[in-house]
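Peer 1: Residues 2 to 137 in our numbering are what the sequence shown spells out, letter by letter.
Provided herewith is a single structure, encoded as structure tokens, for subsequent inquiry.
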Amino acid sequence: MKSLYLRIWVIVALTLALGAAITRLAWGIASASHAGSMAIIILLMVAILGTYALLLYLAIKPSLKKLRSLPVAILATVIAGGGIVGCVIHFIRFVPSPKASSFLSVLIASMLIASGVAICGLILWVVWRFRKSGKD
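Here it is in structure tokens:
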């Protein structure tokens with residue numbers, strides 16, 4: 002990623018894609034009638050904006066030293082934590098609902114929450130290992 006044009010191209014592509022996602026989620030807030038739905042949408046927006054900030058931070062001046070820095074570790078931890086909280090809220094609201102009448106729907110939701118917990122644990126482990134190895 003040494004080319005300035007390539008970095009600008011990545012930033013523009015990310016901005017357009019994430020702008021569309023945030024716009025759609027903001028539209029969802031306007032039509033959300035339950036506090037649980039609004040909590041999920043807000044957590045998704047925070048996770049998307051946090052991911053965008055992290056990718057933008059790394060696209061402007063990429064380096065391995067930045068990946069091991071404390072702000073990146075904190076941002077990755079907050080994004081993973083927000084994602085798992087949103088996933089748990091969605092799971093708790095989805096499984097007893099009439100939309101989950103199919104066994105396959107419940108199975109998919111269960112697999113998604115299990116993968117979310119595993120990924121969150123993996124991210125926290127990697128962040129912890131990077132921070133521990135950086136202090137030695």
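From the three backbone atoms N, C-alpha and C, an ideal C-beta is built for every residue, glycine too.
Quick one: Cα of Met39 to Cα of Val86, how far?
Peer 2: 13 Å
Peer 1: Among Ile30, Thr52 and Gly29, which has the Cα closest to the Cα of Ala18?
Peer 2: Thr52
Peer 1: Per the contact definition of three or more C-beta pairs closer than 8 Å, is the stretch 60 to 73 in contact with the stretch 19 to 27?
Peer 2: By the Cβ criterion, the stretch 19 to 27 is not in contact with the stretch 60 to 73, since fewer than three pairs of Cβ atoms, one from each stretch, lie closer than 8 Å.
Peer 1: If you measure between the beta carbons of Ile41 and His91, is that distance less than 8 Å?
Peer 2: yes
Peer 1: Grab me the residues of Val32's own chain with a C-beta within less than 7 Å of its C-beta, minus the 5 sequence neighbours each way, in chain order.
Peer 2: First, the residue type needs correcting, since residue 32 is Ser and not Val in the sequence shown. Excluding sequence neighbours, Ser32 sits near nothing in its chain.
Peer 1: What's the gap between the Cα of Ser102 and the Cα of Val89?
Peer 2: 19 Å
Peer 1: Under a three-way DSSP split, which group does Arg130 fall into?
Peer 2: helix
Peer 1: Below 8 Å on the Cβ atoms is my contact criterion, and I expect Leu55 with Leu76 to pass it. Report the Cβ-Cβ distance as a whole number of Å.
Peer 2: 5 Å
Peer 1: Are Val128 and Ala48 closer than 8 Å when you measure CB to CB?
Peer 2: no
Peer 1: Provide the residue span of the alpha helix (DSSP H) that contains Lys67, from first to last.
Peer 2: Leu65 to Leu68
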